[in-house]
Every structure is written in structure tokens, then in C-alpha cells.
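Read through the structure below, which is laid out as C-alpha cells, and then see the notes.
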Amino acid sequence: GAVVSQHPSWVICKSGTSVKIECRSLDFQATTMFWYRQFPKQSLMLMATSNEGSKATYEQGVEKDKFLINHASLTLSTLTVTSAHPEDSSFYICSATGTGGLHEQYFGPGTRLTVT
Amino acid sequence: GDSVTQMEGPVTLSEEAFLTINCTYTATGYPSLFWYVQYPGEGLQLLLKATKADDKGSNKGFEATYRKETTSFHLEKGSVQVSDSAVYFCALSTGANSKLTFGKGITLSVRP
Chain A
1 GAVVSQHPSW VICKSGTSVK IECRSLDFQA TTMFWYRQFP KQSLMLMATS NEGSKATYEQ
61 GVEKDKFLIN HASLTLSTLT VTSAHPEDSS FYICSATGTG GLHEQYFGPG TRLTVT
Chain B
117 GDSVTQMEGP VTLSEEAFLT INCTYTATGY PSLFWYVQYP GEGLQLLLKA TKADDKGSNK
177 GFEATYRKET TSFHLEKGSV QVSDSAVYFC ALSTGANSKL TFGKGITLSV RP
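These protein sequence lines are chains A and B, in that order. Here the working numbering is used: the first residue of the first sequence is 1, the next is one more, and so on. Here the working numbering is used: the first residue of the second sequence is 117, the next is one more, and so on.
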């Protein structure tokens with residue numbers, strides 16, 4: 001149980017375009033979802049926290065207009081990278097916590113974004 | 117702010133060798149401490165955790181003890197297996213909203 005999926009697993013896009021990444025909790029209701037970014041050989045950096053039905057809370061230094069997060073349902077959150085640039089290339093990971101004792105974070109497998 | 121420092125990697129061991137991965141932390145407040153593992157092609161999984169000083173977390177033969185006096189949470193296993201090859205992350209949480217602060221992670225490779 002407590003499985004989180006991400007789609008796509010990898011994506012290549014051209015500079016200036018936007019790309020959407022989905023994060024789904026498959027077998028539980030995710031009251032809170034987290035989005036992380038991971039650079040090679042570095043730790044996961046928390047970008048934002050989102051609660052279902054409310055606006056995401058962004059960490060300091062993260063551009064909310066560039067990284068749009070939507071948590072429209074208890075099983076789905078999306079991250080849209082708008083007007084992507086090569087420096088946005090990274091590994092994006094989501095996690096989710098739920099109700100009914102599911103307070104630990106369950107992580108998705110990540111999405112590799114390459115902006116050319 | 118909160119931070120987690122892990123020893124530099126990668127680490128390569130022979131099967132059945134003893135493993136220690138060091139982790140130290142700085143935190144405001146009283147953190148909970150975690151070790152996560154990421155197997156190739158998979159998401160991070162919680163390996164073990166400890167929520168107060170002197171607690172020992174254990175799972176799959178791995179152990180880590182919450183040492184408040186040395187602000188450490190070192191991961192140990194007495195006899196590693198090839199299947200333990202993965203990336204290991206030390207992390208802490210101090211907030212009620214489960215926000216995690218991660219170390220850089222260390223890659224462990226175990227040779228047969």
C-alpha cells in the first residue's frame with residue numbers, strides 16, 4: 001500500500017515551452033503533497049508543499065509563477081514548469097502524506113526533465 | 117536553519133562486510149530523524165526512524181541510534197548484501213507538517 005506514481009518518468013522539452021508533471025497517490029488519499037528538486041549528487045530540495053484544495057506554500061527562493069502547483073483532488077497534484085529554460089533541467093520528485101495514520105511521506109519515483 | 121550532513125561517497129563494500137554511514141544534523145527544536153533508501157529506478161522508501169534521544173530505529177538488519185549529545189544518527193549494518201546496493205539519505209523533520217530536510221545522499225555498492 002501507499003504507492004505514489006509520477007508521470008512522465010522523463011521528458012525532454014524545448015526552451016520556452018511549458019511542461020506538466022503529475023503526481024498521484026494510487027491507494028490512499030493524500031491530504032498533503034510535497035514537490036522536491038534534486039540536482040546530480042545533491043540532496044532533495046523542497047520546493048513547495050500543497051494541501052488539497054488550497055494554494056501551495058513555496059519555499060524561499062522558489063518562483064511560484066514559474067513552478068505552478070495544483071492539488072485539485074486528494075489523489076492528484078501537478079507541477080507545471082512554465083517557460084522552461086536549460087537551468088530548469090533536473091530531477092523532480094513528489095511525495096505525499098495521507099490520513100488514517102499515513103503521516104509519513106511516500107515518495108514517487110521521480111521525473112527527469114531535460115530542457116534543450 | 118536545519119541541515120543534515122552525510123559522509124562523502126560513494127561507498128563500495130564486499131558482501132558480508134560491516135557498514136557505517138555517518139550522519140550529523142543541526143536543527144532548531146527537537147527533530148525526528150530518518151533514513152531513506154532509494155533502490156535503482158524506484159522512489160525513496162523509509163528505512164527507519166527515531167523520534168527522541170537514545171531511540172534506536174531498525175529495519176532489514178539496519179540500525180541507527182538517535183544521539184542528541186553528538187547530534188548524530190549513523191546508519192549501521194553488520195553484514196551487507198548485494199541487494200542493499202542503493203542510495204541512502206539521512207533526513208530530519210522538526211515541523212508538524214512533516215517537512216523533511218535531507219542530506220546529500222550516499223551511494224552504496226555491494227560486490228558479490
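Backbone N, C-alpha and C fix where the C-beta goes; we use that ideal spot for every residue, glycine too.
Three-state class that DSSP yields for residue i in the structure shown
i      : result
B/E185 : coil
A/V3   : coil
A/V11  : strand
A/E52  : coil
Cross-chain neighbours of residue i in chain B, by beta carbon under 8 Å
i    : result
A/V4 : G159
Residue environment, residue i, which counts as buried when at least 16 other CB atoms sit within 10 Å
i      : result
A/S50  : buried
A/H85  : exposed
B/P147 : buried
A/T78  : buried
B/V120 : buried
B/T186 : exposed
B/A169 : exposed
A/A48  : buried
B/K85  : Because chain B here runs from 117 to 228, residue 85 of chain B falls outside it and cannot be looked at.
A/A72  : exposed
Within chain C, partners of residue i - CB distance below 7 Å
i      : result
B/G221 : The chain labelled as chain C is not found among the protein chains of the depicted structure, namely A and B.
Chain A residues whose Cβ lies nearer than 7 Å to that of residue i
i      : result
B/K172 : Going along chain A, no residue has its Cβ under 7 Å from B/K172, so there is no contact; the nearest lies around 18 Å.
B/F218 : S43, L44
B/L162 : E104
Where residue i meets chain A, residues with beta-carbon distance less than 8 Å
i      : result
B/K215 : F34, L46, T49
Rounded distance between the beta-carbons of residue j and residue i, thought under 8 Å
i      : j      : result
B/Y152 : B/L208 : B/Y152 to B/L208, Cβ: 11 Å. No contact.
A/R37  : A/S90  : 5 Å
B/Q122 : B/G221 : 7 Å
A/V4   : A/V81  : Going by Cβ atoms, the distance from A/V4 to A/V81 rounds to 19 Å, so no, they are not a contact pair.
Chain-ordered neighbours of residue i on chain B, where CB pairs are closer than 7 Å
i      : result
A/G108 : G159
### Query
Taking Cβ-Cβ distances below 8 Å as the criterion, which residues of the region 82-102 of chain A are in contact with chain B?
I93, S95, T97
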